[in-house]
Structures are given as structure tokens and as C-alpha cells.
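Asker: Numbered per our numbering, the first sequence spans residues 18 to 914.
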Amino acid sequence: MSELPKAYEPTEVEKSWYQAWLDAQCFEADPSSEKTPYSIVAPPPNVTGILHLGHVLNNTIQDILARRARQKGCEVLWLPGTDHAGIATQTKVERQLRDEEGKTRRDVGREAFLEKVWDWKEKHGGIIINQLKRLGCSCDWSRERFTMDAEYSEWVSKVFSDLFKEGLIYRGKRMVNWCPVSLTALSDEEVIMKPQKSKLFYMKYELVDEPGQFLEIATTRPETLMGDVAVAVSPKDERYAKFIGKKVKRPFPAAEIPVVADDHVDPEFGTGALKITPAHDKADFEIGMRNDLEIIDVFHPDGTVNCPEVPDLDGLDRFVARKKAAAKLEEMGLMIKVEEYDNNVGFSERADVPIEPRISMQWFLKYPAVEEAKAAVADGDISYRPAHWSKTYANWMNGIQDWCVSRQLWWGHRIPVWYRKEKEGELQNAESLTLADLETGDLHVSTEPPADPENWTQDGDVLDTWFSSWLWPFATMQNVGEESDLVKKFYPTNDLVTGPDIIFFWVARMVMAGYCFKDELPFKNVFFTAIIRDIQGRKMSKSLGNSPDPIDLMEKYGADGLRFGLMRIAPVGSDVRFDEAQIEEGRNFANKIYNACRFRRMAGSELFGETDLSTLTLRPYHLEILAGCDDLAVKLEEAYADYRFNEVGALLYDFLWAEFCDKFLEAVKGDLRDDATEEAGRATLSVFDAVMARFLQCLHPFMPHLTEELTARMGYISEGDFLMEKELPTETLLSGISADLVRAGREQATAVYETASRLRNLKAEYRLAARKDVRFIAKSGPDWLEAEAATLSLLVGAEGVTRDESYLPEQGTPGAVTAAGELFMPLDGLIDVAAEQVRLDKEIEKIGKEVSKCQNKLGNERFVANAKPEVVEVERQRLEEWQTNLAQLEKMRADLG
RNA sequence: GGUCGAUUAGCUCAGUGGUAGAGCGCUUGCUUCACACGCAAGAUGUCACUGGUUCAAGUCCAGUAUCGACCACCA
18 MSELPKAYEP
28 TEVEKSWYQA
38 WLDAQCFEAD
48 PSSEKTPYSI
58 VAPPPNVTGI
68 LHLGHVLNNT
78 IQDILARRAR
88 QKGCEVLWLP
98 GTDHAGIATQ
108 TKVERQLRDE
118 EGKTRRDVGR
128 EAFLEKVWDW
138 KEKHGGIIIN
148 QLKRLGCSCD
158 WSRERFTMDA
168 EYSEWVSKVF
178 SDLFKEGLIY
188 RGKRMVNWCP
198 VSLTALSDEE
208 VIMKPQKSKL
218 FYMKYELVDE
228 PGQFLEIATT
238 RPETLMGDVA
248 VAVSPKDERY
258 AKFIGKKVKR
268 PFPAAEIPVV
278 ADDHVDPEFG
288 TGALKITPAH
298 DKADFEIGMR
308 NDLEIIDVFH
318 PDGTVNCPEV
328 PDLDGLDRFV
338 ARKKAAAKLE
348 EMGLMIKVEE
358 YDNNVGFSER
368 ADVPIEPRIS
378 MQWFLKYPAV
388 EEAKAAVADG
398 DISYRPAHWS
408 KTYANWMNGI
418 QDWCVSRQLW
428 WGHRIPVWYR
438 KEKEGELQNA
448 ESLTLADLET
458 GDLHVSTEPP
468 ADPENWTQDG
478 DVLDTWFSSW
488 LWPFATMQNV
498 GEESDLVKKF
508 YPTNDLVTGP
518 DIIFFWVARM
528 VMAGYCFKDE
538 LPFKNVFFTA
548 IIRDIQGRKM
558 SKSLGNSPDP
568 IDLMEKYGAD
578 GLRFGLMRIA
588 PVGSDVRFDE
598 AQIEEGRNFA
608 NKIYNACRFR
618 RMAGSELFGE
628 TDLSTLTLRP
638 YHLEILAGCD
648 DLAVKLEEAY
658 ADYRFNEVGA
668 LLYDFLWAEF
678 CDKFLEAVKG
688 DLRDDATEEA
698 GRATLSVFDA
708 VMARFLQCLH
718 PFMPHLTEEL
728 TARMGYISEG
738 DFLMEKELPT
748 ETLLSGISAD
758 LVRAGREQAT
768 AVYETASRLR
778 NLKAEYRLAA
788 RKDVRFIAKS
798 GPDWLEAEAA
808 TLSLLVGAEG
818 VTRDESYLPE
828 QGTPGAVTAA
838 GELFMPLDGL
848 IDVAAEQVRL
858 DKEIEKIGKE
868 VSKCQNKLGN
878 ERFVANAKPE
888 VVEVERQRLE
898 EWQTNLAQLE
908 KMRADLG
């Protein structure tokens, strides 16, 4: 190891260990195992996706949970896979088709197009999986699933067919969110409201019976005017009461339309009169239903105007038509004014264009098992972390609307519904299709196509991607009709790790699916990760270019560095601002551990990992670090229990860096020198090995590659075995060592470390930090001072620390009151009485403040009466210490004159 | 409009009623034979504001301000 570079180089180490784990099938779950099961199903990334930091955060957490569970002796199943991501994938392939061949999907036809999508999937589908492997994810890749696998698809069809037969799925003409670019309906969840700078047009319609009399109307969408079938006013609005029941003239195409009264209208807004276009607005549609109005659709599906009666608008894009329609009104003298107006407009999540509310024939699902799903979270059968997300969940569940599950796409699960050919036209245009229509025999709903397919036509739509995702926890483990060992052993799963942004899309629906199809909750805990933002607090996005490529980060800092850096800053809750400096810290930490081990190897290659520690002569520093390591294990357990990963990271970091390297290693360096006894060297190396071996094991879930590498290199594990498969020991390091010995040792070690710090401080104040020839004299001190003097010197960087109770410091000799006694730093030629006076005065003032603080507190009767006894006791001890210090300092100060 | 968060060092953030913390950055000094991806020392705080509860509040409660997320939305 000593010939290796001074800095840790992770890239090759990470790749080779990952391959070794794969080769040894370390990640594969055994359903026949007797061990306690632990399972996670990974949220499947889009099959065409590439890894971003959100994935890294999410999958690192899952990997930590999985690896920790293995260490706790569980049989672990971490089931990975990918999602076919209907719109996203189809859009990508369509774009490629357009760019490379100048064709649309319709040009090539359904079958040929789907072939192209599968080709694309074969080519690009593995990218994100390989990226997850690069990150070190210990998924059971032998069980990787894809939402369009044949077996998985069978679940989707079965569920559709079952729900239809339960009367929960129906087809109907409804107002849906239509994406004019993707040419499909979208669910409410796929619509993103965005604030827009719009215009509010004030126009007027002339009354039929009273020429010259006008009704003024405000609208943001003059281009839908051709679809107007009425004007609505509030029934409470006295201004317009006289118009109700009369008719006004629609300018183009010219028509007479009624004025109706409807409670929906807000008299305060605009002019208080609302044009009603039932085909192009959800609220208008409802008003239309209430008032029995006609529905006139004036758009083509792609958002261009479909209105041959008005030739100068016909065929125009809706936004071009808006301007043109406004201009026409202007020409006709019907436009009153145009105001700038801020409103919210729904955008298509994928295509990023305004949604067009549109009436169309779609399949809907009345959600099943809603009450069970609500209760599961409300009663805590499923626990949400952070808990406050359960309120968001409850809110949504309470206002739940039927789910539009059909999509007018080609890439996805085809709706398993067939229409008898001779009845097809009739059925396609039926106002609604429900369970009752099955009895006609002209409808076939099943996982299997009809026996005589030539007489049937399948519904052309596919299902919403989430209609397959919501089955993920069980459909990945079990095929339809199969008795699966996997499900028996691993379902329900333990933890789900996901982002709060898909709580409605995915989490809530999975809970309902779990209860509906498995009569059981799908997971016990849901851990919602933070959303990663850039340093300015903006969401990471491709268009902003503020999303660093995790692969680049791994090349630069190592997968372990990236994992550790990210975990330390990921809070248990809100958002996290990404800063590359944090990842750099992760790399630095890896390097620090590597170098600690490198140092150990340079001190000797003999192994002491198995040494019985109670047979050794242990010094205070040994006891302190052993105890610290045992404490660490306890604290880690607590932090893991609450899923506080950032705290786990901080505990590991502080222990290794501050306790192990800065204190312990520095204190015991003397034992490894040539002039040290063999016994001392053996004790120190044994303790090093015992603590490091255990530390590496504790760190393993966070930095799997580095810990596996060092454990092997240091010989802490038999060749051929893996750290990742080794269970955490239940025995503490200090078992077998007397508690009194430990207590005394720890106190002493703490005293030495504190004293060293005070003395270094003193040196620095006199600008002697770099000098090694400084000697310290203790005028008083504990019994153990002589024994630890050499260590103290080493830590301070001094020539020596000697006890001399008869020592009379020359006036102005710098001194300090420490846990190891009253110490002076005599320095010929450097003594400056005035400077030392100033320094001591400052110190006395500081300690004086502490003393009075303690005194005030203890003087408060109600504090003494009410506070916990141990708190009061601590305060008493503190006061005593401060007072002793103060007295000694004041004496020093008096000696100075 | 409704709901839920957040506000602590220059920056990013921990903080669980009882002595305000970490890392980065900054200043100073160190090529100390593991590590400059390092070591040592140092400076930096009205814990957003106003009240309340308490012997004691960064922490609990109420209100205010600002920022953010989600849900619902008036054309």
C-alpha cells in the first residue's frame, strides 16, 4: 500500500468492486432464505432517461437502506426497473423520426412506429441502468423489470378489465385537458399552472331586439368566439337582470345566442358578463349543461381553428387566430378596450404548451379503495417521512376526481377493449360505455383478444403511463395467476423512497392499488426525499442548464464522494441547494480515510484485527477511541431509526476526522516510532485495526466501494469474503474491559486533548506555533501528568512538559490553567510582561462572565426547584471548575504585578 | 383564496427547552517522515420581527413580515 499514490483514486477501485459484487451475486435476493425480509421497489426511471442528481439522491438513500439492512442480517430485495414513460418516450422517437426522416408517426404507421420505439428502447434503455450501477446501487438486477414486459403488461390489462367489470371504469364524453402538440388527453396531474402575461379583451354583443344596445363582455380568448352559444350573467346582478332571456348577436359566424343566468358568474369580474363556449372551457361546459346549451367545437385537435364559416380564421393556429379575431372585432367596431392581464394558464407538462380544454371520448376510472388508502396513512399503518406530507396526501384524497386513463398515443399499454366490427361506429360514438354495455355482446373487455379477432376492432388508445406504474410494488414480483415466492417473502415492501412531487401521480395510486388488488398496503414507510435545487434556489432543469451531470461528478470525485457529499447535505424535509463544494468534501473525506489506512500500513503490515483487546496495556487514548467507536454505533442506530441520513453522515465524518485522525492518531504516533516499545506499538496497532475495521463497516452503506477496498487491503476480512455481506457485530469493542478503567481513561484522554489545545493556543498567541523547542512547566497537575507528558508534547509540538512544583515563573511568563494543571511557557527573550497582562486580563474577563452566569442561574431558587436534578448538578460542577480556574488565573495575574 | 414549509455566521446548512454549531470561504502560521483532497490558530451571530408560556426559548404557542412549495382558481 505504501507504494500507492498519496491521494485516493476511486475510479478503477469503484468499477472493479462493483464487478466483483455482481460476479459473486451479492445483490440477488433469495426468497427461500430464513432471514428476516427487507424489500424496496425502486421507483422506475423513464426508460429513455439519463441520470440526474435527483436520481442520485434517491437511489443513494435506497442503497444505504438496502446495504444497512444486509448488515443487520436481513435478506434484501431491492427490485429495480424502468418505466416506458408513454408521452416522454413517444415524443423523443417522434422527434428523431422528424429530424432524420422528415416523417410523422402517422406517415410510418402504428406498427412500424412502435418497432422504432422498441429499437430506441433497446439502444438507449440501458443507459440509466448502467449509470445506477456506476453509482454503486446494490439492486437485484436479475429481477429487473420494465413496465412493458409481457408479464407486466398482462397485469395492466387484467387490472383494467377487472375494474371495468366492477363498474369502476367507464368511457364517456367529457371535458379533458387536451395537449394540441402531443394530441392526447392528459390527467389533471399532468397539467402545470403557469402565471402568464395575457390580455383581457373587452368587447360588445348587440342585442337582437334592441339595435344599438350592447352587452359588454370581457374575455381572454376571443378566438373561441365562434363557439359561443350564450352569454351568462349572474342572477343576482341587477344591471343585467333585464337582459336575461333576451338574445344577442354573435359577430362571426353571425348567430343569435341567448343571455342566461348562472351562479358561476362573478359580477365583480370584468364586465360581469361571460361568453359561454362549452366546447373550450371547463366552467363553460358545466354552464352549458345546466342551461341545456349546444356544444360547438371550433378547433382541430392540433389547436388550429376549425370553422369554415369564417374563412379568414379557419385553419389558423389558436394564438394567431386570437390576434386575428381581435382585429376583426376591432374592424367591426365591437372591441371596447384591451387590458394587460396576469392570469394562470394550464400547460402540458411534457410539451410545455397551453392545454386546450376539449370535449372528447375518454376512459375514466373511479378510484378504488379510497377509504382504505386514506385510513392507512391517517392511522399510521403507512408512515410518511417527513410526516407533514400525510396532510398533502389527505387533501388530495379528499378532493379526488375520476382519473382520465386513456391517452391518444401509440406507445403504451393498449386498452384491452374490442368492439364488434359491425357495431363499431355505433359504439365509438356512444355517449357512454359501461359495464352494462358488456351484456350486448358487442363489447369485449379482457386480457385476451376475442377468439375471432377478424370480427373485432381494438380500441385505439393506450393507457396513461401511471396506470401501469401504480401496480409496480406487486406486479414486479408476481405474474398474473402465479403463486410467487417473491411476493410471499417480500410483499408488502418495507420502504419506498421517492420525491414528494409524485405523491399524487404515484404514491397515492399505489396505496389504492395495493388495497384493491392485494388487499394489503404496498409499503410500510414512505421516505420523501428533498428536491434538489441549484445554488440560486432554482429547480434543476435541462433548459436552464443548471443540472450538473452526475457522471461527470463521479469521474471527478468518485461515486462514493458524490454519495457522501450529497447525503450530508440532504435534509430530512425541504429542498436542498446543490453546491459542488459539498461533493468535493465527500471526496476529501474518502481521501482522509484512505490516508489514515496508508499511515497504518506504513507502520507495519502485521495484522492485529483479531487481537483480544483486554490482554493489551491500553492507554487513555485507546480507551477513548474505542469508547467513541462504540458510542458512534449507538448514535448511528438512533439516526437510522429516524431516517436522518444527514446526521449519519455527520456522525461518521466527525468521528473519523476529528476523533480518530485529529486526536487519536496524533496522540499515539509516538507508539509507532522506532524508539517505542513493541508492546506499545502492538496495543496501538491493535486498537487502530479494531476501530478502523468497525468504522469501515459502519461507513459501508454510504461509501461502499472505498470501504470494501480498504477492508480487503488492510486484511480485515478473509480473502473472498465481502464486507457488504458481513453482519454488524453485536458485541461492543469495550466488552470485557472494566467500566471504571474506561471511565478514568476517557477522562484523562479528554483532559490531555483539552490541555493540548490550550497550549497550542498559547503558542499561537505568542506567534510560536511553528516552533518545536518550546518547553512547558507544570507548577501543579494531576498524578498522571508525567506519564502523559510525552504525548502532550507530541500533540502540542513542544520539546517537553515537566512538572516542577517549586517553579517560580519569571515575571511575564505566559501561563494557562488547564485540565492538566497550571502550566507555564517560559521563553527567554520573548517575555513581555505587558502583553501577558493583557492576555490574562482578557481571559479573566471571559471566565468571570461564565462564573457570574452560573452563579445567577444557581442563585435562582426557581431554577433549582424546577430544573432536572442532573441539569442543576452539571451547572454546579461547571461553576466549581470556572471558579477554580478563575482563582488560579487571578493569582497568576497578581504575580505579574 | 386554501394548505404546508422555511427564515440561525459572508455562503450552504445542522441544532431533540438547559454553555449557539459544522463544512466551505476569510485572516495568520506551517512543504511536522498518512493526507495541501492536509495541519494548527483566529475573526465573524439582534438565531427575521412582536408578543406570550416557562425558573430557563434558536427550540413551545400566537401574531406580523419575507421567501418557497403544493392545491384550487374569475372569463
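Note that CB positions come from ideal geometry on N, CA and C, so glycine has one too. All figures in this text were calculated on a predicted structure; none of them were measured in a lab.
#1: Using 10 angstroms around the beta-carbon of L825, count the other beta-carbons present and answer buried if the total reaches 16, otherwise exposed.
#2: Does DSSP classify L185 as helix, strand or coil?
#3: I believe R246 touches I313 by the beta-carbon criterion, under 8 Å. Please report the beta-carbon distance rounded to the nearest angstrom.
#4: For A598 and W135, I'd like the C-alpha separation in whole angstroms.
#5: Could you pull the DSSP bridge partners for A272 from this structure?
#6: Within 10 Å of its beta-carbon, does F336 have 16 or more other beta-carbons around it, so buried, or fewer, so exposed?
#7: Can you tell me which of the three DSSP states C614 falls into?
#8: How is the alpha helix (DSSP H) around H639 delimited, first residue to last?
#9: Using only the alpha-carbon positions, how far apart do Q107 and L426 sit?
#10: Within 10 angstroms of its Cβ, does N415 collect 16 or more other Cβ (buried), or is it exposed?
#11: What's the C-alpha gap between D738 and T28?
#12: For a quick check, are the C-beta atoms of I261 and A278 less than 8 Å apart?
#13: Please state whether DSSP places C715 in a helix, a strand or coil.
#14: Take A656 and list the residues in its own chain whose beta-carbon comes closer than 6 Å to its own, dropping the five residues that flank it on each side.
#15: Measure the alpha-carbon distance for S19 versus H69 and round it to whole angstroms.
#16: Along the chain, which unbroken stretches of the alpha helix (DSSP H) at least 4 residues long are found entirely within the region 508 to 554?
#17: Give the secondary structure of M18 by DSSP, where H, G and I count as helix, E and B as strand, and everything else as coil.
#18: Have a look at the DSSP bridge pairing and note the partners of W420.
#19: Suppose the cutoff is 6 Å on Cβ atoms and the five residues either side in sequence are ignored; what does the same chain contact list for L450 look like?
#20: Quick check: what's the CA-CA separation for G397 versus A675?
#21: DSSP three-state label for K150, please.
#22: Determine the direct distance from the alpha carbon of E168 to that of S485, and round the result to whole angstroms.
#23: In chain order, what residues of the same chain have a beta carbon less than 6 Å from the beta carbon of V355, not counting five sequence neighbours either side?
#24: Could you check if F2 is buried or exposed, using at least 16 other CB atoms within 10 Å of its CB as the buried criterion?
#25: State the start and end residues of the unbroken alpha helix (DSSP H) segment that holds L579.
#26: Hey, how far is the Cα of L776 from the Cα of S407?
#27: Is the region 633 to 649 touching the region 721 to 732, taking contact as three or more C-beta pairs under 8 Å?
#28: Would you list, in sequence order, the uninterrupted alpha helix (DSSP H) runs of no fewer than 4 residues that lie entirely inside the region 721 to 800?
#29: Assign P886 to one of two classes, buried (16 or more other C-beta atoms within 10 Å of its C-beta) or exposed (fewer than that).
#30: Compute the Euclidean distance between the alpha carbons of E132 and D166, then round it to the nearest angstrom.
#31: Starting from the C-beta of D254, find all residues in its chain whose C-beta is less than 6 Å away, skip the five residues before and the five after it, and write them out in chain order.
#32: Would you tell me roughly how many angstroms separate the C-alpha atoms of I376 and R424, rounded to the nearest one?
#33: Can you check the region 813 to 848 for any beta strand (DSSP E) of at least 3 residues that lies completely inside it and give the ranges in chain order?
#34: Taking a contact to mean a Cβ-Cβ separation below 8 Å, would you say L758 touches L875 in this structure?
#35: With a Cβ-Cβ cutoff of 8 Å, do L346 and M220 count as a contact?
#36: Just how far apart, CA to CA, sit S810 and A24?
Answerer: Judging by the given coordinates:
#1: exposed
#2: coil
#3: A quick correction: the sequence has Val, not Arg, at residue 246. The Cβ separation is near 6 Å, so the contact holds.
#4: 40 Å
#5: R267
#6: exposed
#7: helix
#8: 637 to 658
#9: 8 Å
#10: exposed
#11: 22 Å
#12: yes
#13: helix
#14: E664, V665
#15: Summary for S19: the model assigns pLDDT 40, below 50, so the residue's position carries little reliability; its value from the coordinates is reported in the next sentence. C-alpha separation (whole angstroms): 37 Å.
#16: 526 to 535
#17: For M18, the predicted structure reports a pLDDT of 41, less than 50, and the residue's modelled location is therefore unreliable. A value from the coordinates is still provided. Reduced to three states, the DSSP call for M18 is coil.
#18: L382
#19: R188
#20: 40 Å
#21: helix
#22: 12 Å
#23: K216, F218
#24: Beyond the ends of the chain as shown, which are 18 and 914, falls residue 2; an answer cannot be given.
#25: 576 to 586
#26: 54 Å
#27: no
#28: 721 to 731, 756 to 782
#29: exposed
#30: 15 Å
#31: P284, G289
#32: 14 Å
#33: 817 to 820, 832 to 835, 838 to 841
#34: no
#35: yes
#36: 29 Å
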